[in-house]
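Presented below is the structure to which this report refers.
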Amino acid sequence: MIKLGTEGIIPHKIEPNMNKSVVWTGDKFFWCLYVFIIFGFRIFLGMLGISDPGTAWTITTVVHSFVTFFAFHWIKGTPFQFDQGRYEKLTFWEQIDDQVQNTWTRKFLLIIPIVLLLISSHYTKENFRFYFLNVVCSSFVIIGKFPLMHKVRILRINK
Amino acid sequence: MGKHLVSWFVATTIYLSYGVMFIFGYVEEFLSYIKRKVLFFQKKKEPTQPVKKSKQLASLTNSFESFYIRKIYAKVIDTYNRPITTIPGTWIVVRDRWFSKGIGSELEYTGKEIKCLNMGSYNYLGFAKTTGKCHMDVIKSTDEFSVGQCSTRLELGTTRIHKELEAEIAKFVGKEDAIIFGMGFATNSTTIPLMAGKGSLIISDSLNHASLVCGSRLAHAQIRVFQHNDLRNLERVIRDSIIKGQPRKNRPWKKIIIIVEGIYSMEGEIAPLPEIVRLKKKYNCLLFVDEAHSIGAIGPTGRGIVEYFGINPDDVDILMGTFTKSFGSVGGYIAGNKDFINFLRLKSFGALYADSMSVPCVQQALSALRFIMYDKDGKKTVEKLRENSNYFRERLVRMGFEVMGDFDSPVIPIMLYCPAIFTTFSRECLQRDFVSVLPILLDELKNALDIISEVGDILMAKYRKEMNVDQQKLLSPRKKFEMLQNQQQSIQIK
Chain A
1 MIKLGTEGII PHKIEPNMNK SVVWTGDKFF WCLYVFIIFG FRIFLGMLGI
51 SDPGTAWTIT TVVHSFVTFF AFHWIKGTPF QFDQGRYEKL TFWEQIDDQV
101 QNTWTRKFLL IIPIVLLLIS SHYTKENFRF YFLNVVCSSF VIIGKFPLMH
151 KVRILRINK
Chain B
1001 MGKHLVSWFV ATTIYLSYGV MFIFGYVEEF LSYIKRKVLF FQKKKEPTQP
1051 VKKSKQLASL TNSFESFYIR KIYAKVIDTY NRPITTIPGT WIVVRDRWFS
1101 KGIGSELEYT GKEIKCLNMG SYNYLGFAKT TGKCHMDVIK STDEFSVGQC
1151 STRLELGTTR IHKELEAEIA KFVGKEDAII FGMGFATNST TIPLMAGKGS
1201 LIISDSLNHA SLVCGSRLAH AQIRVFQHND LRNLERVIRD SIIKGQPRKN
1251 RPWKKIIIIV EGIYSMEGEI APLPEIVRLK KKYNCLLFVD EAHSIGAIGP
1301 TGRGIVEYFG INPDDVDILM GTFTKSFGSV GGYIAGNKDF INFLRLKSFG
1351 ALYADSMSVP CVQQALSALR FIMYDKDGKK TVEKLRENSN YFRERLVRMG
1401 FEVMGDFDSP VIPIMLYCPA IFTTFSRECL QRDFVSVLPI LLDELKNALD
1451 IISEVGDILM AKYRKEMNVD QQKLLSPRKK FEMLQNQQQS IQIK
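Chains A and B supply the protein sequences, listed in that same order. Position 34 of the first sequence, counting from 1, maps to 34 under the working numbering, and the rest follow consecutively. Counting from 1 along the second sequence, just add 1000 to a position and that's the residue number in the working numbering.
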């Protein structure tokens, strides 16, 4: 049975997390679903007829990077008005777990693009173009999740 | 009633449902953004003219902030705020509405009026009616005092009837004195700022009502939140706050107020008051209980959650309640010590600046209260409510629905989780003449249960069907508390 509860008590704080737009990221079922969707997408590409594993994994990595960069590091604030602009300047990634760094949720979400990068680079060792594409796209997503990038806006983009 | 557990299949569908709604919302936003840019580029006239840059003002809302309301809530808005044309009794007439140009656009009346079984009002004891003794008393008082006093309580707004209601409600809940206000929300938001000044701490439940949150924010006190009905978390938060003290210089707190509700309106859960009182005494805090839904609705004679658990009313420092739910009137009251209530009479914003409660409303609340207290059928009405709610709840649980809340509570929410499911549930029920106060007749209840069961089968919303209904879960909080006490006593005897 899956616990669908959204009472996320952040490990370093005793108060419950009241931010409804992010509290579901700590849900273990979401983690399983996330991994399934990524592998499902890879299998879907296989069914489309892309037999070369390097190409398929590169596409998966690149699409995943674009989607998660937009969803986690570009979108700011919450879609609800009752938060009254409290999280207006924080991206989705920064809002997770009430801005506490290095929680298990953040570690998990950091490991996923790293693992994808490892898998893709294994299959594209010969093909330099794809390898380069993989590394560049993944680096945006991976570096954005480091604790030292918390609230950092490079060149005032997305301030 | 226990943790929310669903099967993998249901959990996947719920996530997918939300995901699809959000993705479609984003795509729509993106496309309309592109359309606006294309129109601007082609220098065509846009539906709303952009303001010249020199006169540009800051926008009222961020487009992303209102995303949820515009893209997701707008698609299901016909199931909320349904307009009715009769009093909210057992049967209610709903004016049908539908979207004018496809789902997500404005609503318009279709002209149909549907007579439905009403299970969605707070009319717990059935006092919202246009016949009977309360109604005659109200007409008499309007003849004597007119509709409004046109004054605040402190100036010329206090009449004999206001004083009578205050005395009666204080006697009802077991406190020394009480003060009434014309609006339930205003009762909380205008008096909590006076209770908790600078240097004090408010510890409130995470699912407290907006009026309590509003009042707490207006106060100059610090606010800390604890997990809903979780006593271990409450104790941790209290201990943590007492140890750390005030934010910057770690000075001790002037006072600590714990704010809980008797029955939570959205969850139907009853607060574990005996344990909270024990914690309050252990750590020397004050306790504020908002009995908006529990006054008149639980307890053997309807005196609320304090009587339900058999606690001494002196243990709870401030009792607040409203007349909107069980008494068929408007407004709220606060009951406490005489000194405290006199302080509120002189200083609270509700008494100083707001108009006094309208006399017909006061009379309605007074007549309803006197009926519950002194009439021979008063106690029976409260009993009937309890029996009906327990019967309804037990039948729903046995059907396999995921029902939240505790036994003995008149608020019975069914968790459907998935946005597609709960909106379709509402629309299907409306088609079957059923709108989600408990009716007094048992036949109507059974009819209602059949409708709910039918719709639940169609939508596969009976999440707990395969699970055995645990006997332990069918106990009410009062019985659990008694069992706990018996265990403790038997341990002591040993």
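Note that beta-carbon positions come from the ideal geometry of N, C-alpha and C, so glycine has one too.
Does residue 1118 of chain B come out as helix, strand or coil in the three-state DSSP assignment? Three-state result, residue 1118 of chain B: strand.
Can you check whether the C-beta of residue 77 of chain A is within less than 7 Å of a C-beta belonging to chain B? It does; some Cβ of chain B falls within 7 Å.
Counting only the same chain and skipping the five closest in sequence on each side, list residues whose C-beta sits under 6 Å from that of residue 1439 of chain B. Here residue 1439 of chain B scores only 37 on pLDDT, less than 50, and its place in the model is too uncertain to base an answer on.
Under the rule that 16 or more other beta-carbon atoms within 10 Å means buried, what is residue 145 of chain A, buried or exposed? With 16 or more other CB atoms across the displayed protein chains lying within 10 angstroms of its CB, residue 145 of chain A is buried.
Look up residue 1128 of chain B in the DSSP assignment and give the residues it is bridged to. DSSP lists no beta-bridge partner residue for residue 1128 of chain B.
Select from the stretch 91-109 of chain A all residues with a C-beta closer than 9 Å to any C-beta belonging to chain B, and list them in chain order. Under the 9 Å Cβ criterion, the stretch 91-109 of chain A contributes no residue.
Would you check if there are 3 or more beta carbon pairs closer than 8 Å linking the stretch 1366-1379 of chain B to the stretch 1123-1137 of chain B? Yes, the stretch 1366-1379 of chain B is in contact with the stretch 1123-1137 of chain B.
Spell out whether any CB of chain B is found under 7 Å from the CB atom of residue 37 of chain A. Taking Cβ atoms only, chain B never reaches closer than 7 Å to residue 37 of chain A, which makes this a no.
Residues of the stretch 1237-1257 of chain B with Cβ closer than 7 Å to any Cβ of chain A, in chain order: Taking 7 Å as the Cβ-Cβ cut-off against chain A, the residues of the stretch 1237-1257 of chain B that qualify are 1237, 1240.
Under a CB-based cut-off of 7 Å, is residue 16 of chain A close to chain B? For residue 16 of chain A, the nearest beta carbon of chain B is closer than 7 Å to its own beta carbon.
By the DSSP assignment, the alpha helix (DSSP H) with residue 1240 of chain B in it spans what residues? Bounds of the alpha helix (DSSP H) holding residue 1240 of chain B are 1231-1244.
Assigned secondary structure, residue 1222 of chain B (DSSP; H/G/I helix, E/B strand, else coil): Under the three-state reduction of DSSP output, residue 1222 of chain B falls in the strand class.
I'd like to confirm the pairing. Which residues does DSSP put opposite residue 1530 of chain B in its beta bridges? Coverage of chain B is limited to positions 1001 through 1494, which leaves residue 1530 of chain B absent and any answer about it impossible.
So, is residue 1002 of chain B buried or exposed, given that buried needs 16 or more other C-beta atoms within 10 angstroms? Its pLDDT being 42, under 50, residue 1002 of chain B is placed unreliably by the model, and the measurement read from it follows with that caveat. So residue 1002 of chain B counts as exposed.
For residue 1178 of chain B, the three-state DSSP class (helix, strand or coil): The DSSP-derived three-state label of residue 1178 of chain B is strand.
Any 3 or more C-beta pairs closer than 8 Å across the stretch 1170-1180 of chain B and the stretch 1194-1204 of chain B: Contact check between the stretch 1170-1180 of chain B and the stretch 1194-1204 of chain B: fewer than three CB pairs, one atom from each, fall below 8 Å, which does not count as touching.
Check whether the stretch 1153-1163 of chain B touches the stretch 1312-1328 of chain B, counting contact only when three or more Cβ pairs, one atom from each stretch, lie closer than 8 Å. Taking 8 Å as the limit for Cβ pairs, the verdict is that the stretch 1312-1328 of chain B does not touch the stretch 1153-1163 of chain B.
Near residue 1437 of chain B, which residues of its chain fall below 6 Å by C-beta distance, leaving aside the five closest residues on each side in sequence? With a pLDDT of only 37 at residue 1437 of chain B, under the threshold of 50, the placement of this residue in the model should not be trusted, and no figure is reported.
Per the DSSP calculation, residue 1108 of chain B is bridged to which residue(s)? Partner residues in the beta bridge of residue 1108 of chain B, as assigned by DSSP, are B:1098.
Short of 8 Å in beta carbon distance, which residues of its chain neighbour residue 1097 of chain B, apart from the five on each side in sequence? Order them along the chain. Cβ neighbours of residue 1097 of chain B beyond the five flanking positions: 1078, 1082, 1083, 1107, 1108, 1109, 1110.
What is the C-beta distance between residue 1421 of chain B and residue 1401 of chain B, in whole angstroms, given that I count them as a contact (C-beta under 8 Å)? No, residue 1421 of chain B and residue 1401 of chain B are not in contact; Cβ-Cβ is about 12 Å, not under 8 Å.
Contacts around residue 87 of chain A, its chain only, beta-carbon distance under 6 Å, and the 5 residues preceding and following it disregarded: For residue 87 of chain A, where only same-chain residues beyond five positions count, the Cβ hits under 6 Å are 77, 78, 95.
Endpoints, beta strand (DSSP E) assigned at residue 1261 of chain B: Residues 1256-1261.
For the stretch 27-52 of chain A, which residues have a beta carbon sitting closer than 8 Å to at least one beta carbon of chain B? When C-beta distances to chain B are compared with 8 Å, the residues of the stretch 27-52 of chain A below that value are 29, 30, 33, in chain order.
The beta strand (DSSP E) with residue 1290 of chain B in it runs from where to where? 1286-1290 is the extent of the beta strand (DSSP E) around residue 1290 of chain B.
Nearest-angstrom Cβ-Cβ length linking residue 100 of chain A and residue 13 of chain A, presumed shorter than 8 Å: In this structure, residue 100 of chain A and residue 13 of chain A form a Cβ contact; the two beta carbons are roughly 7 Å apart against a cut-off of 8 Å.
Applying the 10 Å Cβ sphere with the 16-neighbour rule, what's the burial state of residue 1094 of chain B? Result: buried.
Rounded Cβ spacing between residue 1319 of chain B and residue 1291 of chain B (contact assumed at less than 8 Å): That belief holds up - the Cβ atoms of residue 1319 of chain B and residue 1291 of chain B are roughly 6 Å apart, short of 8 Å.
First and last residue of the alpha helix (DSSP H) that includes residue 1018 of chain B? Unbroken alpha helix (DSSP H) run through residue 1018 of chain B: 1008-1041.
In the DSSP assignment, the beta strand (DSSP E) including residue 1321 of chain B goes from what residue to what residue? Counting along the chain, the beta strand (DSSP E) containing residue 1321 of chain B begins and ends at 1318-1322.
Heavy atom of the ligand MG less than 6 Å from the Cβ of residue 1089 of chain B, yes or no? Among the components modelled here there is no ligand, and therefore nothing to report on the ligand MG.
Note down the Cα distance separating residue 150 of chain A from residue 35 of chain A, rounded to an integer number of angstroms. Computed Cα separation, rounded: 25 Å.
Give a yes or no on whether the minimum CB-CB distance between residue 66 of chain A and chain B is below 7 Å. It does not; no Cβ of chain B falls within 7 Å.
According to the neighbour-count rule (16 or more other Cβ atoms, all chains shown, within 10 Å of its Cβ), is residue 54 of chain A buried or exposed? Label assigned to residue 54 of chain A: buried.
Please report how far the alpha carbon of residue 1180 of chain B lies from the alpha carbon of residue 1351 of chain B, in whole angstroms. Straight-line Cα distance between these residues: approximately 9 Å.
Rounded to whole angstroms, how far is the Cβ of residue 1287 of chain B from the Cβ of residue 1255 of chain B, which I believe are closer than 8 Å? Under the criterion of beta carbons closer than 8 Å, residue 1287 of chain B and residue 1255 of chain B do not qualify as touching, at roughly 11 Å.
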